[in-house]
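Chains as they are written, first to last, in our numbering: chain A, 1 to 213; chain B, 214 to 476. Shown next, in C-alpha cells, is the structure this report addresses.
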Amino acid sequence: MFPGPTVLSAVTAILESALNRALELDPAGHQALMEALAGPVQLNITDPITFTYTLDRAGKRVRVGSQPVEQPALEITGKPIAFAALATGDDRVFADGRLQVTGDTALAHQLQRALNQLEPDWEAAMARHIGDVPAHFLGQRIRGALRWSRQAFHSLNASIEEYVHEESRSLPGRRELEATFADIDELSLRTERLEARLTLIENHGKTDEPENL
Amino acid sequence: MSEQQTPPRQAGNSNGQNDVTHFGFRNVPKSQKASQVAEVFHSVAGKYDLMNDLMSMGIHRLWKRFTIELSGVRPGHQVLDIAGGTGDLTMKFSDLVGPSGKVVLADINASMLQVGRSRLTDRGYAGNIEYVQADAEHLPFPDNNFNAVSIAFGLRNVTDKDQALRDMTRALKPGGKLMVLEFSKPTNPLLSKAYDAYSFSALPLMGQLIAGDSESYKYLAESIRMHPDQETLKGMMENAGLVNCKYYNMTGGIVALHVGIKP
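Given below as C-alpha cells:
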C-alpha cells in the first residue's frame, strides 16, 4: 500500500502545522473555523489517487487526519482542483456539483464562509523574525506587487478581448453573442411549445373517435 | 550477524525451562526480568526523548501520530496509556478527551513516570491526567473501564505478554480498542539487513555517546529481535479475547501497530 502510514502521517503533520500556524495569524478566522468544525469533517479526494483527510478540533488546534472517522458531521467529495477552488473562495463549487456534500449542508457553507474570511496577518509573522520596520517595508512591496499583478492580469484580459472582438474580428462581441444565445433560447422555447400543442391536438383527435364501435 | 547477535532459542519452550524468560538475547529467571528492565529505564530516563529522536531520526513521532489517529478517541473518553513513559501519547490523548474525559498514564518504572509527569506539567497538561505506577500484567483498574488502551514500545519489555494482553483486554469497555505500537519484523530482506547493521552498531554507540550507557541500547536492539513478529502478536491478541485484530506495518515493518476490539 502506498503511501504507507508513516508517509500519510508526515503529510498530515505538515498540513496540520501549516494550517494551525496560519490560524494563529488570524484570531477571527481561527474562531470562525473552530465554530465550523463543531464535528469532524471528512474530505474525500477522488482523483488521481483516492485519499481521505479529516479536519477536527483538538483543544484550540485543528487536527488533520488521514483515516476515515466513524461519524463525520460533514463529508465533502471531489477532485483536488475543486478543493483548491473552495480554499481560494470560489462560492460555486457546491452549486455546480464539483464538490459533493453528504451530511449537514449548512455546515458546508459555514466552512466555506470561514475559509473565505481567513486572512492571516503574514506581516506580523514576518515582524517577529526580522523586526517591524523591515517587515512593514517588505509587506508593502509584496502587497503592491500583488495589486499590480492583479491589475496587469485584468488589463491583459481586457486588451486581448478587445483585440479579438473589435480589431481582428475573429470572434463575435460579447453582447452580439448574448443576443444570439437569447434568440436561440427563445426559438428553442417556442419549438417546445409548438411540439406540445401538436401533441395536444393529436391526442384530442384520438379521443374524439367514438369509443364503442 | 555476529555470534553475539544470534538470538537464543525461545526460553520456556523446551528443556522444561518454564521459569526463565529472555532479556535481550540472554535467558534470565522470570522473577528477575522486571528488575533488569527497570534498571535499563532508570539509566536512560533522563535522555529518553532525545535518544528516541536521534535513534529514529524523529520518525517515532509519526508512528505515534498514526496510533492517535486510529484510536478514535473522542471528548469524554477514558484512556489508559500503559508504559506511557515520557507522555508523548498521553499529551495527544489529553487534548482529544478534553476536560470531560480522563487519561491515565501508567508505567512500571518510577523514573520514567517522574520524567513524564514533570514534562506534561511543564507543558500545562493537568486536570484530566492521572499518573499510576502499575505493572501491565496486573493492572489496578476495574473491569470494563476504558474506551481505549494503548501500549507504545512497552510490550516487548513485559515478562508475560499473554497475561498483559489479557489484563489490558479486561480493563477495556466492550467495544473499546487496544492499540499495541511496537517494533516488529521488517518485510523487506534488504531493509532488514540495513536495520540489523544500524541496530547493533549505531544504537549502542549513540547510547554510549549521548546517554553514557551502551548496554541499555544493546538490550533495546536485542529485545526487538526477541519480540513476536506481526502475525504472532496478532494471534496473541486474538487469544486474549480481542476481535477484528489487524496490524499496520510502518516504515517497512520496522514498527507495527496492532489494533484489536473487545467484543
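We put the beta carbon where it would ideally sit given N, CA and C, even for glycine. Predicted, not measured: the structure shown is a model, and the values here were computed from it.
Beta-carbon neighbours of residue i, restricted to chain B and to distances below 8 Å
{"i": "A/T6", "result": "I272, L275, W276, F279, M463 and T464"}
Distance between beta carbons of residue j and residue i, contact taken as under 8 Å
{"i": "B/L302", "j": "B/S363", "result": "6 Å"}
{"i": "B/I467", "j": "B/F396", "result": "7 Å"}
{"i": "B/H290", "j": "B/A361", "result": "7 Å"}
{"i": "B/L283", "j": "B/L470", "result": "7 Å"}
{"i": "B/I342", "j": "B/L333", "result": "6 Å"}
{"i": "B/F279", "j": "B/M463", "result": "7 Å"}
{"i": "A/D121", "j": "A/L25", "result": "5 Å"}
{"i": "B/G297", "j": "B/G271", "result": "No, B/G297 and B/G271 are not in contact; Cβ-Cβ is about 20 Å, not under 8 Å."}
{"i": "A/A22", "j": "A/Q110", "result": "Actually they are not in contact, since the Cβ atoms of A/A22 and A/Q110 sit about 19 Å apart, beyond 8 Å."}
{"i": "A/G39", "j": "A/L118", "result": "Not confirmed; about 20 Å, so no contact."}
{"i": "B/A424", "j": "B/K315", "result": "33 Å between Cβ atoms; not a contact."}
{"i": "B/S405", "j": "B/A434", "result": "That pair is no contact at about 13 Å."}
{"i": "A/S9", "j": "B/L275", "result": "4 Å"}
Short CB-CB distance (under 8 Å) between residue i and chain B
{"i": "A/E75", "result": "no"}
{"i": "A/Q67", "result": "yes"}
{"i": "A/S9", "result": "yes"}
{"i": "A/F38", "result": "With the sequence shown as reference, residue 38 of chain A is identified as Ala, and Phe is not the correct amino acid for it. Output row for A/A38: interface = no."}
{"i": "A/A84", "result": "no"}
Interface flag, residue i vs chain C, CB-CB below 8 Å
{"i": "B/E282", "result": "Absent from the structure is chain C; the protein chains it does hold are A and B."}
Per-residue contacts from residue i into chain A (C-beta, under 7 Å)
{"i": "B/G285", "result": "E70"}
Contact set between residue i and chain B, taken where Cβ atoms lie within less than 9 Å
{"i": "A/A58", "result": "K305, D308, L309 and G311"}
{"i": "A/A13", "result": "R274, L275 and R278"}
Chain A within 8 Å of residue i, Cβ atoms only
{"i": "B/N226", "result": "Any reading at B/N226 must be qualified, since the residue scores a pLDDT of 44, below 50, and its modelled position is unreliable; the value itself is stated next. It does not; no Cβ of chain A falls within 8 Å."}
{"i": "B/R222", "result": "With a pLDDT of 47 at B/R222, under the threshold of 50, the modelled position of that residue is not reliable, and the figure given next carries that caveat. For B/R222, the answer is no, since every Cβ of chain A falls outside 8 Å of its Cβ."}
{"i": "B/E216", "result": "Only weak support is given to the placement of B/E216: the predicted model assigns it a pLDDT of 39, under 50, and the value that follows is read from those uncertain coordinates. Not closer than 8 Å to any Cβ of chain A, the Cβ of B/E216 fails to qualify, so no."}
{"i": "B/G473", "result": "no"}
Residues sharing a beta bridge with residue i, DSSP
{"i": "A/I45", "result": "A/F51 and A/G78"}
{"i": "A/S155", "result": "None; A/S155 has no bridge partner."}
{"i": "A/E35", "result": "BP columns for A/E35 are empty, so no partner."}
{"i": "B/N462", "result": "B/A469"}
{"i": "A/L200", "result": "According to DSSP, A/L200 bridges with nothing at all."}
{"i": "B/Y344", "result": "B/L318"}
{"i": "B/E395", "result": "B/A469"}
{"i": "A/V64", "result": "A/L55"}
{"i": "B/F359", "result": "B/L385"}
{"i": "A/L111", "result": "Answer is none; A/L111 lacks a bridge partner."}
{"i": "A/Q100", "result": "A/T77"}
{"i": "B/Q291", "result": "B/K315"}
{"i": "B/A365", "result": "B/L394"}
Contact test: residue i Cβ vs the ligand SAM heavy atom, cutoff 7 Å
{"i": "B/K386", "result": "The model depicted lacks the ligand SAM and carries no ligand whatsoever."}
For the stretch 373-392 of chain B and the stretch 412-424 of chain B, state whether three or more C-beta atom pairs, one from each stretch, are separated by less than 8 Å. Between the stretch 373-392 of chain B and the stretch 412-424 of chain B, the count of Cβ pairs shorter than 8 Å is below three; the stretches do not touch.
Please determine if the stretch 30-50 of chain A and the stretch 65-84 of chain A are in contact, where contact requires at least 3 C-beta pairs separated by less than 8 Å. These segments touch.
Between the stretch 432-447 of chain B and the stretch 397-404 of chain B, are three or more C-beta pairs nearer than 8 Å? Judged by Cβ distances under 8 Å, the stretch 432-447 of chain B makes contact with the stretch 397-404 of chain B, as three or more pairs qualify.
Validate contact between the stretch 46-61 of chain A and the stretch 304-316 of chain B using beta carbons, cut 8 Å, 3 pairs: Touching, per the Cβ criterion.
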